Amino acid sequence: KVVQPGSTGAASPVVPLCPGRVRHFKI
Amino acid sequence: APHGTGQGFKEVACDDPEVERAALVAVNYLNQHLLHGFRHLLNRIDKVKVWFRRPLGVVYELELDTLETTCHVLDPTPLANCSVRQLTEHAVEGDCDFHVLEQDGQFTVLYSQCHSNPDSAEDVRKVCPTCGLLTPFNDTNVVHTVKAALDAFNAQNNGTYFKLVEISRAQNVPLPVSTLVEFVVAATDCTAQEVTDPAKCNLLAEKQYGFCKANLVHKLGGEEVSVACKVFQKQPQPASVNTAGPAPAVDQAAPAVDQAAPAVDQAAPAGPQADSPASLVVGPMV
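Sequence order for the protein chains is A and B. Using our numbering, the letters of the first sequence correspond one by one to residues 157 to 183. Using our numbering, the letters of the second sequence correspond one by one to residues -19 to 266.
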């Protein structure tokens, strides 16, 4: 079965809950 | 745990506002219990689990990344006004685990454990090839620089003789060949001009601390030392703190923080741990 790209109704990428934002810089 | 959830905890986003509130309470707690070194700021919430507590409340199990600031733990500057150490200064990071109870809108730290580590030398070199790296406090150059700086400060000070309390930070810099140090001093009952044996000088009952930064440049045929100290106003001594003996025992929830470099020959200073930072805000005198 051939499916056109974008027609599958795939959910948008899940945003990871963690880790949170870096406030200053990552070391 | 509530029935039917399986895990017994709730997964929430690390940047959830309630999680951030709990994290800030945790970092404030950390800073109020640090006995030496520099205060830390929250850099990132790494992980969080929210446990339901019976009969009331929730417990936030947090993993936090913190960064060292330029404010010493004895510096009454509000944390919001403290700058983060830059990578070029060989920044130190803290990794902390906290359990924070939230009940009726109140946050209470139940457990804490922190470790600190400096950034790798390779990472520092990447951003700044000529920057100095953190150096152990018993390094010959460091000890010499602190002594020269303290002597210079006391020589220009007609009043109280200040004694070394703690070396807080040290870097040997390759270009120009120099040594950078940051250290804490405290006022004694001796006068700077008349002191003969510093060992006989005692810290004042009402502690007066100073925070000094010094640089000693090694030159052909000599050396040049510069020092600047910020002396804080006298701090009333909490009755429960004993500065003459070893570091005071901390309660079960008090964090243990490893410093990036070992301190040598230092007494545990009386910290602001018994008071909130806000209660110690005073105008510094230089």
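Where is the CB? At the ideal position from N, CA and C, for every residue including glycine. These numbers come from a predicted model, not from an experiment.
By DSSP's criteria, Gln173(B) is part of a beta bridge. Which residues make up the other side? None, per the DSSP bridge assignment.
Among the residues of its own chain, which have a CB less than 8 angstroms from the CB of Ala234(B), if the five just before and after it don't count? The pLDDT assigned to Ala234(B) is 41, lower than 50, so where the model puts this residue is not dependable; a value taken from the coordinates is nonetheless given after this. Result list for Ala234(B): His13 and Ser92, in chain order.
Contact between the segment 45 to 56 of chain B and the segment 124 to 144 of chain B: three or more CB pairs below 8 angstroms? no
Where in the segment 115 to 198 of chain B do unbroken runs of the beta strand (DSSP E), each at least 3 residues long, occur, reported from the N-terminal end onward? 140 to 153 and 158 to 171
Using three-state DSSP, classify Gln66(B) as helix, strand or coil. coil
If you compare alpha carbons, which of Ser148(B), Leu114(B) and Glu174(B) is closest to Pro154(B)? Leu114(B)
Report yes if the CB atom of Val28(B) is closer than 9 angstroms to the CB atom of Leu10(B), and no otherwise. no
Apart from the five residues on each side of it in sequence, which residues of its chain come closer than 7 angstroms, Cβ to Cβ, to Phe163(B)? Val126, Leu144, Glu146, Ile147, Ser148 and Cys192
Can you tell me where the beta strand (DSSP E) with Asp45(B) in it begins and where it stops? Val38 to His52
Determine the closest residue to Ala179(B) out of Gln188(B), Thr168(B), Tyr189(B) and Lys187(B), with distance taken between C-alpha atoms. Thr168(B)
Can you confirm whether Cys62(B), when its beta carbon is compared against all beta carbons of chain A, has any partner nearer than 9 angstroms? no
Which chain A residues are close to Asp77(B), counting only those with a beta carbon under 8 angstroms from its beta carbon? Going along chain A, no residue has its Cβ under 8 angstroms from Asp77(B), so there is no contact; the nearest lies around 14 angstroms.
Reducing DSSP to helix, strand and coil, say where Asp(-5)(B) ends up. coil
What does Arg24(B) reach in chain A if we use C-beta pairs closer than 9 angstroms? Pro175, Gly176, Arg177, Val178, Arg179, His180 and Lys182
Quick one: residues in its chain with C-beta nearer than 6 angstroms to the C-beta of Val205(B), no 5 flanking neighbours on either side, listed in chain order? Ala128, Ala129, Ala132 and Leu196
Restricting to Cα atoms, I'd like to know which of Val175(B), Tyr141(B) and Ala101(B) is closest to Val211(B). Tyr141(B)
Output, in chain order, the set of chain A residues within a Cβ distance shorter than 9 angstroms of Val53(B). Simply none; closest approach about 19 angstroms.
Could you check the C-alpha separation between Ala172(B) and Val(-8)(B) for me, to the nearest Å? 58 angstroms
Would you say Glu162(B) lies against chain A (beta-carbon separation less than 9 angstroms)? no
Which stretch, first to last residue, makes up the alpha helix (DSSP H) that contains Ala101(B)? Ala101 to Val107
With a threshold of 7 angstroms on Cβ separation, who are the neighbours of Ser63(B) within its own chain once the five nearest residues in sequence on each side are excluded? Thr49 and Thr50
Excluding the 5 residues flanking Cys209(B) on each side, which residues of the same chain have their C-beta closer than 6 angstroms to its C-beta? Phe133, Gly190 and Cys192
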